[in-house]
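Worksheet: one structure, shown below.
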Amino acid sequence: MSPELDRTRPVWRQVAAAITTRIADGEYPVGARVPSVVELSTEFGIATSTAQKALAHLKTEGFIRAEVGLGSFVARLPEAPAEGGGA
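Quick note on our numbering: the sequence shown kicks off at 1101 and runs consecutively.
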């Protein structure tokens, strides 16, 4: 069963957020391979171009790194929000 997506928001952002959450939760630890474009496309029921855009965003943000012929791997963990968060 594919995760529910809110079709009123950019789908690629939702997929990128889902992967970021999985990284933060330890499902994909640093150095682990993240799903490929085809795997994401199948899991979320989206076009491969949408999955590619999500992965490209994560690469730009520094969360993943791509290795030609091998796939994409977790490069770093997302920073935890500051506790207390006063203004």
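For every residue, glycine included, the Cβ atom is placed at its ideal position computed from N, Cα and C.
Compute the distance between the beta-carbons of isoleucine 1164 and leucine 1155, then report whether it is under 8 Å.
yes
Excluding sequence positions up to five away, which residues of its chain have a Cβ less than 7 Å from the Cβ of threonine 1122?
Note on residue identity: the sequence assigns arginine, not threonine, to residue 1122. Excluding sequence neighbours, arginine 1122 sits near Tyr1128.
Indicate the three-state DSSP secondary structure (helix, strand or coil) for serine 1141 in the structure shown.
helix
In three-state terms, what does DSSP make of isoleucine 1146?
coil
At the level of alpha carbons, what is the spacing between alanine 1187 and glycine 1131?
Here alanine 1187 scores only 47 on pLDDT, less than 50, and its place in the model is too uncertain to base an answer on.
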